[in-house]
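Here numbering that gives the first Met the number 0 is used: the first residue of the sequence shown is 0, the next is one more, and so on.
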Amino acid sequence: MRPRLVPSLLVLAALSGRPLGAQNVAEVTVAPPQVSLKVGERTGLLATAFDRLGNVIASVRFIWSSNNPQVVRVDNNGTVTGVAPGVAVVEARVGSRRGVTAVQVTGEPAAGPAVPSAPAAAAATPPPAVESLAGQPAGSGPAVALRIEPPTVYLLPSENTHVTVRALREDGGPAAPLAVTWASLVPAIANVSPTGVVVALAPGQGTIQVTAAGGLTATAPTVVQQAEIAVREAGPLLLSPGQPDTLHVIVPSQQAREVSPLALTWISSDTTVVRVGLTGVVTPIGPGTATVTVSGLLQSRTLDIAVHRPVDILVARPRSQDPIALPLTATARFQVDPLASDNTPVPEAPIRWSLSDTTIASFDTASGTLTGRGIGETQLTARAPGRGLAVTWTIRVLAGAVRLEPARLGLAPGHRTTLSAEFVGSDGAGLGPARVTWASEDTAIAKVAVDGAVTAVGWGRTRIVATAPGGNSAAVDVFVLGEIVVARSNGGRFDLYAVQRADLTDPRRISDDTLGAFDPAFSPTGDRLAVVSMRDGNPDIYAMNPDGTESVRLTTASGLDGAPAFTPDGRTVVFHSDRSGKRQVYAVDVDGQRLRQLTRDSTNGWPSVSPDGRTIAFVTTRDRNYDIWLMAPDGSEQRQFTRSPQWNERYPQFLRDGSLAYLVERREADRTVTQVMRADIRTATVTSLSGTDLPINDFAVSPAGDLLALVVPTNGRDRSGAPVYHVVIVPVGGGVGTPVELPAGPTDQVTTPTFLP
Numbered sequence: 000m001r002p003r004l005v006p007s008l009l010v011l012a013a014l015s016g017r018p019l020g021a022q023n024v025a026e027v028t029v030a031p032p033q034v035s036l037k038v039g040e041r042t043g044l045l046a047t048a049f050d051r052l053g054n055v056i057a058s059v060r061f062i063w064s065s066n067n068p069q070v071v072r073v074d075n076n077g078t079v080t081g082v083a084p085g086v087a088v089v090e091a092r093v094g095s096r097r098g099v100t101a102v103q104v105t106g107e108p109a110a111g112p113a114v115p116s117a118p119a120a121a122a123a124t125p126p127p128a129v130e131s132l133a134g135q136p137a138g139s140g141p142a143v144a145l146r147i148e149p150p151t152v153y154l155l156p157s158e159n160t161h162v163t164v165r166a167l168r169e170d171g172g173p174a175a176p177l178a179v180t181w182a183s184l185v186p187a188i189a190n191v192s193p194t195g196v197v198v199a200l201a202p203g204q205g206t207i208q209v210t211a212a213g214g215l216t217a218t219a220p221t222v223v224q225q226a227e228i229a230v231r232e233a234g235p236l237l238l239s240p241g242q243p244d245t246l247h248v249i250v251p252s253q254q255a256r257e258v259s260p261l262a263l264t265w266i267s268s269d270t271t272v273v274r275v276g277l278t279g280v281v282t283p284i285g286p287g288t289a290t291v292t293v294s295g296l297l298q299s300r301t302l303d304i305a306v307h308r309p310v311d312i313l314v315a316r317p318r319s320q321d322p323i324a325l326p327l328t329a330t331a332r333f334q335v336d337p338l339a340s341d342n343t344p345v346p347e348a349p350i351r352w353s354l355s356d357t358t359i360a361s362f363d364t365a366s367g368t369l370t371g372r373g374i375g376e377t378q379l380t381a382r383a384p385g386r387g388l389a390v391t392w393t394i395r396v397l398a399g400a401v402r403l404e405p406a407r408l409g410l411a412p413g414h415r416t417t418l419s420a421e422f423v424g425s426d427g428a429g430l431g432p433a434r435v436t437w438a439s440e441d442t443a444i445a446k447v448a449v450d451g452a453v454t455a456v457g458w459g460r461t462r463i464v465a466t467a468p469g470g471n472s473a474a475v476d477v478f479v480l481g482e483i484v485v486a487r488s489n490g491g492r493f494d495l496y497a498v499q500r501a502d503l504t505d506p507r508r509i510s511d512d513t514l515g516a517f518d519p520a521f522s523p524t525g526d527r528l529a530v531v532s533m534r535d536g537n538p539d540i541y542a543m544n545p546d547g548t549e550s551v552r553l554t555t556a557s558g559l560d561g562a563p564a565f566t567p568d569g570r571t572v573v574f575h576s577d578r579s580g581k582r583q584v585y586a587v588d589v590d591g592q593r594l595r596q597l598t599r600d601s602t603n604g605w606p607s608v609s610p611d612g613r614t615i616a617f618v619t620t621r622d623r624n625y626d627i628w629l630m631a632p633d634g635s636e637q638r639q640f641t642r643s644p645q646w647n648e649r650y651p652q653f654l655r656d657g658s659l660a661y662l663v664e665r666r667e668a669d670r671t672v673t674q675v676m677r678a679d680i681r682t683a684t685v686t687s688l689s690g691t692d693l694p695i696n697d698f699a700v701s702p703a704g705d706l707l708a709l710v711v712p713t714n715g716r717d718r719s720g721a722p723v724y725h726v727v728i729v730p731v732g733g734g735v736g737t738p739v740e741l742p743a744g745p746t747d748q749v750t751t752p753t754f755l756p
């Protein structure tokens with residue numbers, strides 16, 4: 000049985016040193032804040048009144064009440080009696096101020112007559128003995144020490160709390176419980192009840208002491224200080240309909256300890272939005288906003304709370320019906336949009352994400368990004384407020400194959416480009432970016448950085464290898480050679496030579512066997528060359544690596560095939576051919592398949608494809624002189640671009656910016672003037688790229704648009720008596736730099752220049 004605590008307010012007031020004059024009650028506390036009884040048991044509650052300065056007010060009478068007398072009864076002295084199992088709230092009130100405690104009753108009701116009311120019971124039954132063992136854990140053996148928990152008691156003025164004692168053996172384990180006596184060594188600061196309920200009376204530092212038979216004793220400093228309270232939950236707080244939450248009041252300056260919610264008063268500004276109970280539990284009622292005010296311990300705080308509209312529908316991207324394949328280390332984005340019953344968004348509704356196996360994948364809730372971490376299967380679930388509102392995706396993390404872009408590469412020394420890696424499924428479809436480790440098989444030819452940036456170093460061929468977690472890898476062939484390539488004759492046979500911009504005096508043959516090639520054209524990534532060769536006795540188109548290896552014959556018909564040019568995707572070569580008797584433009588796939596004729600009227604040749612692949616420029620004589628026309632990639636939509644009866648326009652070349660360069664030949668006085676021009680396809684605005692002082696037979700423009708390679712005649716003649724042509728490198732527009740002629744023998748022909756893209 001627990002004792003009845005009879006409050007002695009006059010004694011408390013005398014110990015506090017405060018006057019007993021008339022004071023307004025600002026706070027009422029009831030100790031202990033929580034009580035547990037069995038049916039038929041009684042115990043006393045201690046009520047204390049404080050003014051707004053924290054002084055104890057002794058001269059007050061409390062009105063006691065129970066909100067559930069069928070469970071707990073309380074008399075005028077604050078003695079509570081357990082009547083039946085359940086929970087009741089007991090209140091001590093002075094005017095509009097009140098303090099409460101929660102009383103839980105356990106056990107079965109006793110047989111026989113009902114328990115009498117509290118006053119009658121108090122008159123007929125003497126107070127029971129103090130249960131000084133209450134709260135001590137079970138143990139065994141003799142005690143050698145006592146310990147108070149918590150070891151230091153922090154309280155605000157007018158606050159109360161319950162402390163416990165532990166009897167300890169010599170080895171530190173729990174000893175058999177002991178009967179103990181509690182005392183306050185500084186009762187003006189804090190008082191303590193026989194059951195360990197500490198009540199803060201005035202700011203300062205006191206000491207709580209507990210003693211047991213045999214001279215065992217323990218003390219706990221009790222610090223009573225005015226400090227600010229705070230609501231731990233950050234506002235504004237967003238709640239979902241039907242999902243209660245609990246608010247907690249803490250003292251930040253006292254290690255953020257929690258304050259008993261029963262020592263506080265909770266009020267909602269709008270109970271149609273949220274309701275708040277005695278223990279700080281807030282229950283959302285309907286959409287809207289409200290302010291919860293918590294008062295007590297001579298302070299008050301507020302918290303704004305919003306309740307969002309109910310969510311009825313979840314719209315998920317991607318669809319969750321089919322398993323999602325995700326390569327190891329790859330990422331995928333997921334999104335869930337909550338909608339109300341009228342299909343309008345409820346963006347403020349919180350979405351909770353979870354993974355069934357975090358060793359297979361990880362998920363970033365901020366970005367909605369899932370990353371594959373281990374091979375296997377896991378489930379990603381998104382849950383919205385509301386019963387059964389959830390979306391689940393099955394994620395299969397695979398060791399997907401690695402694909403690199405571009406798959407092959409040609410670079411000039413010192414040039415740089417960046418490779419990208421992605422995972423692909425068994426059907427070749429992309430599955431997302433791949434996180435790989437990059438390596439070069441020969442760093443003297445090309446180096447690669449951790450981000451896939453490749454820098455060409457020296458001439459030759461090497462491979463850049465990308466390896467993904469799990470061991471899958473892919474490689475890119477990298478060819479490094481001079482950026483300017485020309486065809487040069489040597490004893491009547493043309494071979495390909497390359498030269499670097501930094502040293503135009505050192506052309507190098509790019510292969511021991513380039514098929515006796517001329518008229519070279521690079522693929523968009525510089526990894527293939529289309530050339531014209533007489534290897535099989537007829538001028539045909541071949542495709543090969545820049546070092547002359549892996550050659551493929553693309554055309555086989557009799558007649559002259561020439562002027563090859565790649566489409567931007569590198570899959571097709573356009574060229575002109577005399578095979579039908581008149582020169583026409585054709586297209587063929589890079590494997591030699593699907594030959595198709597694109598022009599049929601008059602004589603047509605020298606095709607060039609725009610960077611976007613939508614337009615082919617070519618030269619035609621259908622207006623009795625050389626003009627440039629345009630057409631679609633399939634040969635349709637042929638239309639005239641240049642209209643100059645007195646001029647000849649030849650050798651069109653699309654530049655990187657989509658403009659078109661070409662050679663113009665015209666008469667001025669008594670001489671023929673040749674000049675490289677550039678035209679805007681959309682506006683037909685024409686500007687000059689070269690001067691008029693050189694007789695130009697052919698040309699090429701660098702990708703950067705800063706250099707011209709011009710084919711010009713020399714003063715010599717070859718062995719057959721034909722004019723000898725050499726290549727001169729000049730700056731575009733007559734810019735800074737002296738024209739440099741590429742080295743060649745006096746009878747060597749140097750023609751058909753081209754630049755690495």
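Note that CB positions come from ideal geometry on N, CA and C, so glycine has one too.
Here the alpha carbons of residue 344 and residue 351 stand approximately 17 angstroms from one another. When rounded, the separation of the alpha-carbon atoms in residue 321 and residue 419 is 28 angstroms. For residue 161, the enclosing beta strand (DSSP E) has its first and last residue at 159-161. A direct Cα-Cα distance of roughly 24 angstroms separates residue 412 from residue 710.
The alpha-carbon of residue 537 is positioned some 47 angstroms away from that of residue 435.
The Cβ neighbour count for residue 603, taken over all protein chains shown within 10 Å, is at least 16; the residue is labelled buried.
Counting C-beta atoms within 10 angstroms of its own C-beta, residue 227 has fewer than 16 neighbours from the protein chains shown and is therefore classed as exposed. Of all alpha-carbon atoms in 104, 70, 47, 82, the one lying nearest the alpha-carbon of residue 92 is that of 47. Counting every other CB atom within 10 Å of its CB across the protein chains shown gives residue 317 a total below 16, marking it as exposed. Here residue 99 is near residue 88, since their CB atoms are less than 7 angstroms apart. The C-beta separation of residue 313 from residue 383 comes to about 6 angstroms, placing the pair in contact by the 8 angstroms criterion. Burial is judged here by how many other beta carbons sit within 10 angstroms of a residue's own beta carbon; residue 141 has fewer than 16 and is exposed. The residue among 416, 500, 496 with its C-alpha nearest the C-alpha of residue 519 is 496.
Along the stretch 392-419, the beta strand (DSSP E) occurs as fully enclosed runs of 3 or more residues at 400-404, 407-410, 415-417, listed in sequence order. In the DSSP annotation of this structure, the continuous segment of the beta strand (DSSP E) that includes residue 543 starts and ends at 539-543.
For residue 349, there is no enclosing beta strand (DSSP E), as DSSP gives it neither H nor E.
Judged by their CB atoms, residue 230 and residue 248 are nearer to each other than the 7 angstroms cut-off.
By the criterion of at least three beta-carbon pairs nearer than 8 angstroms, the stretch 270-287 is not in contact with the stretch 203-222. Pairing residue 302 with residue 398 gives a Cβ-Cβ distance that is not under 7 angstroms. Residue 481 has its alpha-carbon roughly 4 angstroms from the corresponding atom of residue 499.
Of the other Cβ atoms in all chains shown, fewer than 16 fall within 10 Å of the Cβ of residue 52; this residue is therefore exposed.
Spatial neighbours of residue 191 in its own chain (CB-CB distance under 8 angstroms, excluding positions within 5 residues in sequence) are listed in chain order as 162, 181, 182, 183, 197, 198, 207. Residue environment analysis places residue 557 among the exposed positions, since fewer than 16 neighbouring C-beta atoms fall within 10 angstroms of its C-beta. Under the DSSP assignment, residue 237 falls in the beta strand (DSSP E) whose first and last residues are 236-238.
With respect to the 7 angstroms criterion, residue 278 and residue 260 are classified as neighbours on the basis of their beta carbons. For residue 750, the pairing in a beta bridge is given by DSSP as 486. In the assembly as shown, residue 692 is an exposed residue. Its beta-carbon has fewer than 16 other beta-carbons within 10 Å. Residue environment: residue 172 is assigned as exposed (fewer than 16 neighbouring CB atoms within 10 Å of its CB, all protein chains considered). For residue 252, the secondary structure class from DSSP, reduced to helix, strand or coil, is helix. When DSSP states are grouped into helix, strand and coil, residue 563 belongs to the strand group. Following the DSSP letters along the chain, one finds residue 148 inside the beta strand (DSSP E) bounded by residues 144-148. Under DSSP, the beta-bridge partners assigned to residue 101 are 33, 88. In the structure shown, residue 688 adopts coil according to DSSP, grouped into three states. Apart from sequence neighbours up to five positions away, the residues of its chain that approach residue 298 with a beta-carbon distance below 6 angstroms are 228, ordered along the chain.
Under the Cβ criterion (8 angstroms, minimum of three pairs), the stretch 141-161 does not count as touching the stretch 70-83.
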